[in-house]
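Participant: Dropping a structure here in structure tokens format, bear with me for questions.
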Amino acid sequence: DAGITQSPRHKVTETGTPVTLRCHQTENHRYMYWYRQDPGHGLRLIHYSYGVKDTDKGEVSDGYSVSRSKTEDFLLTLESATSSQTSVYFCAISESAGGGAKETQYFGPGTRLLVL
Amino acid sequence: DAKTTQPPSMDCAEGRAANLPCNHSTISGNEYVYWYRQIHSQGPQYIIHGLKNNETNEMASLIITEDRKSSTLILPHATLRDTAVYYCIVRVAGIGGADGLTFGKGTHLIIQP
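Going line by line, the protein sequences match chains A and B. Using our numbering, the letters of the first sequence correspond one by one to residues 1 to 116. Using our numbering, the letters of the second sequence correspond one by one to residues 117 to 229.
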């Protein structure tokens, strides 16, 4: 299994509070991704990173920001959490954009976030 | 990325081979076929991928038809731990993170004891 950890694994917070989720990898992969998974919507890309300090928006980026100051860490921040951001959040990594095996994405165990 | 069609659910007896079909009739020449699975409450798990040729690894085999319009994932000796939702994904090579993986509804494979 790819060396990906996510923290915290579970979090309950209140509307309006800031929340930061952390993804840590030990594979030295260049690309990192944040997805959310909701019933009826499948997995949706929030943001991704293609290198240290290099990030871009995904399909559902509103209300989220990210940062990557080190290769191994990718942080997802909800500046002011809302109930619509209650979800399961998955981090993924891939080696590069070279197609085939290099683009294979490996997923972390997920963080369950409940915003009350 | 090309669209994929999978049956919503399948049953298989423990110890038998599980054959999961996927239709991707609009696939283009530079698109790979990837298979992932998701066991309840866990992160998606990569299984195998291929472009044209059949592929085998320690988890499964992937059979791609000659016209590349469909493929079959084979779990040779299914166990109860293989009960999961299996996703077939077609993805253009070389675009990196520009588009996230698109997981459709997948096939819910239930292994019966």
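Note that beta-carbon positions come from the ideal geometry of N, C-alpha and C, so glycine has one too.
Given a limit of 9 angstroms on CB to CB distance, which residues of the region 140-165 of chain B reach chain A?
Facilitator: Flagged, chain order: N146, Y148, Y150, Y152, Q154, S157, Q158, G159, P160, Q161, Y162, H165.
Participant: Measuring straight from C-alpha to C-alpha, what distance separates A:Q51 and B:Y148?
Facilitator: Translated into positions along the first sequence, residue 51 of chain A becomes position 51. Translated into positions along the second sequence, residue 148 of chain B becomes position 32. First, the residue type needs correcting, since residue 51 of chain A is Gly and not Gln in the sequence shown. Each residue's Cα considered, the two are about 24 angstroms apart.
Participant: According to the Cβ coordinates, are A:L43 and B:L217 closer than 8 angstroms?
Facilitator: The sequence position of residue 43 of chain A within the first sequence is 43, counting from 1. The sequence position of residue 217 of chain B within the second sequence is 101, counting from 1. Their beta carbons are under 8 angstroms apart, which means A:L43 touches B:L217 by this criterion.
Participant: When DSSP builds the beta bridges, which residues end up paired with A:K70?
Facilitator: Taking the first residue of the first sequence as 1, we reach residue 70 of chain A at position 70. The partner list for A:K70 (beta bridge, DSSP) reads A:D73.
Participant: Considering only C-alpha positions, which residue in the set A:E103, A:S83, A:S67, A:Y89 is nearest to A:E14?
Facilitator: Here the question's residue 14 of chain A lines up with position 14 in the first sequence. Measuring from the Cα of A:E14, the nearest candidate turns out to be A:S83.
Participant: Per DSSP, what are the beta-bridge partners of A:R112 in this structure?
Facilitator: Along the first sequence, read from residue 1 onward, the residue named residue 112 of chain A stands at position 112. A:R112 pairs with A:H10, A:V88.
Participant: As a quick exercise: from B:I164, B:E130, B:K221, pick the residue whose alpha carbon is nearest that of A:E103.
Facilitator: By one-based count along the first sequence, residue 103 of chain A stands at place 103. With distances taken between Cα atoms, A:E103 lies closest to B:I164.
Participant: Over what stretch of residues does the beta strand (DSSP E) that includes B:R184 continue unbroken?
Facilitator: The residue given as residue 184 of chain B occupies position 68 in the second sequence. Counting along the chain, B:R184 falls outside any beta strand (DSSP E), and DSSP gives it neither H nor E.
Participant: Determine the direct distance from the alpha carbon of B:P124 to that of A:Q25, and round the result to whole angstroms.
Facilitator: Here residue 25 of chain A refers to the residue found at position 25 of the first sequence. Here residue 124 of chain B refers to the residue found at position 8 of the second sequence. Straight-line Cα distance between these residues: approximately 33 angstroms.
Participant: Measuring CA to CA, which of B:N173, B:T195, B:I205 is closest to B:T142?
Facilitator: Residue numbering aside, residue 142 of chain B sits at position 26 when the second sequence is read from its first letter. Nearest option by C-alpha distance: B:I205.
Participant: Between B:T120 and B:H140, is the Cβ-Cβ spacing less than 8 angstroms?
Facilitator: Along the second sequence, one-based indexing puts residue 120 of chain B at 4. Along the second sequence, one-based indexing puts residue 140 of chain B at 24. Yes; because the gap between Cβ atoms is below 8 angstroms, this pair is in contact.
Participant: Do A:A81 and A:V19 count as a contact pair if the criterion is CB distance below 8 angstroms?
Facilitator: Within the first sequence, residue 19 of chain A is the residue found at index 19, counting from 1. Within the first sequence, residue 81 of chain A is the residue found at index 81, counting from 1. Against a cut-off of 8 angstroms, the Cβ pair of A:A81 and A:V19 comes out as a contact.
Participant: Please confirm if the region 57-71 of chain A is in contact with the region 124-137 of chain B, defined as three or more CB-CB distances below 8 angstroms between the two stretches.
Facilitator: Cβ pair count under 8 angstroms is below three, so no.
Participant: Under 6 angstroms Cβ to Cβ from B:S177, same chain only, skipping five residues before and after it: list those, please.
Facilitator: As a working note, residue 177 of chain B is residue 61 in the second sequence. Contacts found: I190.
Participant: Could you name the residues of the region 167-195 of chain B whose beta carbon sits closer than 7 angstroms to any beta carbon of chain A, in the order they occur along the chain?
Facilitator: The residues in question are L167.
Participant: Does the beta carbon of A:P8 sit closer than 8 angstroms to a beta carbon anywhere in chain B?
Facilitator: One-based indexing of the first sequence puts residue 8 of chain A at position 8. Not an interface residue.
Participant: Please report the straight-line C-alpha distance between A:R30 and B:H193, rounded to a whole angstrom.
Facilitator: Against the first sequence, residue 30 of chain A aligns to sequence position 30. Against the second sequence, residue 193 of chain B aligns to sequence position 77. Approximately 35 angstroms, taken between the alpha carbons.
Participant: In angstroms, rounded to a whole number, what distance separates the CA positions of A:E72 and B:Y162?
Facilitator: If you number the first sequence from 1, residue 72 of chain A lands on position 72. If you number the second sequence from 1, residue 162 of chain B lands on position 46. A:E72 and B:Y162: Cα-Cα distance of roughly 20 angstroms.
Participant: Please go through the region 3-66 of chain A and give each complete beta strand (DSSP E) segment of 3 or more residues, from N-terminal end onward.
Facilitator: The region 3-66 of chain A contains these whole beta strand (DSSP E) runs: 4-7, 10-13, 19-25, 31-38, 42-51, 54-57.
Participant: Return the residue from the list B:I179, B:Y152, B:H156 that minimises the CA-CA distance to B:Y202.
Facilitator: For the purposes of this step, residue 202 of chain B is taken as the residue at position 86 of the second sequence. The residue with the shortest Cα to Cα distance from B:Y202 is B:Y152.
Participant: Just mark A:L76 as buried or exposed, buried being the case when its beta carbon has 16 or more other beta carbons within 10 Å.
Facilitator: Position 76 of the first sequence, counted from the first residue, corresponds to residue 76 of chain A. Answer is buried; the Cβ neighbour count reaches 16.
Participant: Does the beta-carbon of A:H10 have 16 or more other beta-carbons within 10 angstroms, so that it is buried, or is it exposed?
Facilitator: Mapped onto the first sequence, residue 10 of chain A falls at position 10. With fewer than 16 other Cβ atoms within 10 Å, it is exposed.
Participant: Is it true that the CB of A:G40 sits closer than 8 angstroms to the CB of B:G159?
Facilitator: The sequence position of residue 159 of chain B within the second sequence is 43, counting from 1. The sequence position of residue 40 of chain A within the first sequence is 40, counting from 1. Contact flag unset, no.
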